[in-house]
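Participant: Just so it is clear: in the sequence shown, position 161 is 147 by the working numbering, and no numbers are missing.
The beta carbon of each residue, even a glycine, is placed where N, CA and C say it ideally should be.
Predicted model only: the values in this text are computed from it and were never measured.
Got a structure here, written out as structure tokens. Questions coming.
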Amino acid sequence: MSKPKQEIPESITIRKPHLNDGESLYFLVASCPPLEINSVYSYLLVCSHFNRTSAVCEFKDDVVGFASGYIHPHQSDTLFIWQIAVRDHMRGRGIAQEMLLNILKRKELGDINYLETTVTSDNSSSRSLFNSLARQLDAPVTEDSYFTKEVFQESRHPEEFIIRIGPFNQETDSFKLLNEYKEGR
């Protein structure tokens, strides 16, 4: 039985990452298995090159959440979410979904109609998150094999499946709210 969803504290802040967040993001991801840890340098690049498509969540001056993404280089209407992490004591409050919505609401991402991510077969929490987001946006969701075990060769990495949400239904209340937010209403 799952625990009841807790409220998001009013004192959280969701914002674009800053360069000085890099090391905090490294340690946050390290504390969130099964996420794979990248170098501090990688997180510095996210903070400097991909900050408009990524988000940091702070609670009482502590980084408690992080979502990294980028615009797909071959599909300019698609936001690809690379990693999403929330500290253990803050999980179950909807913070991950709020970070994704925060990114999607940004004016500079007004042409985004799809969201993609990859997950392993045993990552039920990520599947639940992205299915919940699809329901909120009233958008179709598909899942297909993406990176088979064979392409990982000797690393023994499990197969990754791609989850694709979209196109976003422009007639839903959630989508209209996203657009109103982008337009500054």
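Note down, in chain order, each residue of its chain lying with its Cβ closer than 6 Å to the Cβ of Val32, except the 5 sequence neighbours on either side.
Facilitator: The sequence position of residue 32 within the sequence shown is 46, counting from 1. Around Val32: Ser40, Ser54.
Participant: Report the residue ranges of all beta strand (DSSP E) runs contained in full by the region 18 to 100; include only those spanning at least 3 residues, in chain order.
Facilitator: List check, beta strand (DSSP E) in window: 41 to 45, 48 to 57, 64 to 72.
Participant: Is the Cβ of Gly55 closer than 7 Å to any Cβ of chain E?
Facilitator: Checking the listed chains, one finds no chain E in this structure; it contains a single protein chain.
Participant: Assuming Phe147 is part of the beta strand (DSSP E), what are its boundary residues?
Facilitator: The residue labelled residue 147 in the question sits at position 161 within the sequence shown. Here the beta strand (DSSP E) through Phe147 covers 146 to 151.
Participant: For a test of the three-state rule: what should DSSP assign to Glu(-4), helix, strand or coil?
Facilitator: Reading the sequence shown from its first residue, position 10 is the one you call residue -4. Three-state result, Glu(-4): coil.
Participant: Take every Cβ of the region 81 to 92, pair it with every Cβ of the region 136 to 150, and state whether three or more of those distances are shorter than 8 Å.
Facilitator: They do not touch, by the three-pair rule.
Participant: Rounded C-beta distance between Glu62 and Asp7? I'm assuming under 8 Å.
Facilitator: For the purposes of this step, residue 62 is taken as residue 76 along the sequence shown, with counting starting at 1. For the purposes of this step, residue 7 is taken as residue 21 along the sequence shown, with counting starting at 1. A small fix is needed here, since residue 62 is Ser in this sequence, not Glu. No, Ser62 and Asp7 are not in contact; Cβ-Cβ is about 26 Å, not under 8 Å.
Participant: Given this structure, state the Cα-to-Cα distance separating His35 from Leu115, to the nearest angstrom.
Facilitator: Here residue 35 is taken as the residue at index 49 of the sequence shown, counted from 1. Here residue 115 is taken as the residue at index 129 of the sequence shown, counted from 1. Those two C-alpha atoms are separated by around 25 Å.
Participant: Can you list, in chain order, the residues of its chain with a C-beta nearer than 7 Å to that of Leu5? Leave out the 5 residues immediately preceding and following it.
Facilitator: Here residue 5 refers to the residue found at position 19 of the sequence shown. For Leu5, where only same-chain residues beyond five positions count, the Cβ hits under 7 Å are Leu30, Cys33, Ser34.
Participant: Going by C-alpha distance, which of Ile151, Glu146, Pro144 is nearest Asn117?
Facilitator: Taking the first residue of the sequence shown as position 1, residue 117 is located at position 131. Closest option to Asn117, Cα to Cα, is Ile151.
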